[in-house]
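The sequence shown maps to residues 71 to 189 in my numbering. Structure, as structure tokens:
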Amino acid sequence: MKSKSFKELIVWQKAHQFVLSVYKLTKSFPKEELFGLVSQFRRAAVSIPANIAEGYRKRGKADKVKYLNISEGSLEECKYYLLLAEDLGYAKTNKENELAEEVSKLLNAYSNKILSSDS
């Protein structure tokens, strides 16, 4: 069955969960990071489901996959921010790292499905 909305995609749902988790995590970061790491981290996280949503309505395979690739890039950026937050002692990031890995696998599978589809 074909989905009627990007919100029905499991990959989008998990990416959205990741964003919510990042927002919760970064609330406890030092105030001096508000316009630095917090802003960058949140922007990169939001980019993941936003690009999944934007690519959802694109007609061609190449267009759809282009937006998923942007999501993958933003996810990799977030993985670095998770590492940095841990190394700076701002937070434990086990939950977010697990979610990031799950989103990564789903993005890869969704991209492969689009590329191998007939339409």
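Ideal Cβ positions, reconstructed from N, Cα and C, are used throughout, including at glycine. Everything numeric in this text was worked out from a predicted model, so none of it was measured.
In this model, PHE105 and ARG129 are separated by some 37 angstroms (Cα to Cα).
Restricted to the stretch 135–186, the alpha helix (DSSP H) segments that are unbroken, complete and at least 4 residues in length are 164–186, listed in chain order. In the DSSP assignment, PHE88 falls within the unbroken alpha helix (DSSP H) covering 80–96.
Ranking TYR150, SER141, ASP188 by CA distance to the CA of LEU177 puts SER141 first. With fewer than 16 other CB atoms across the displayed protein chains lying within 10 angstroms of its CB, GLU146 is exposed. Contact annotation, PHE88 with ALA123: C-beta distance approximately 14 angstroms; criterion of less than 8 angstroms not satisfied.
When the five nearest sequence neighbours on each side are left out, the beta carbons in the same chain lying within less than 8 angstroms of the beta carbon of LEU185 are those of LYS131, VAL135, in order along the chain.
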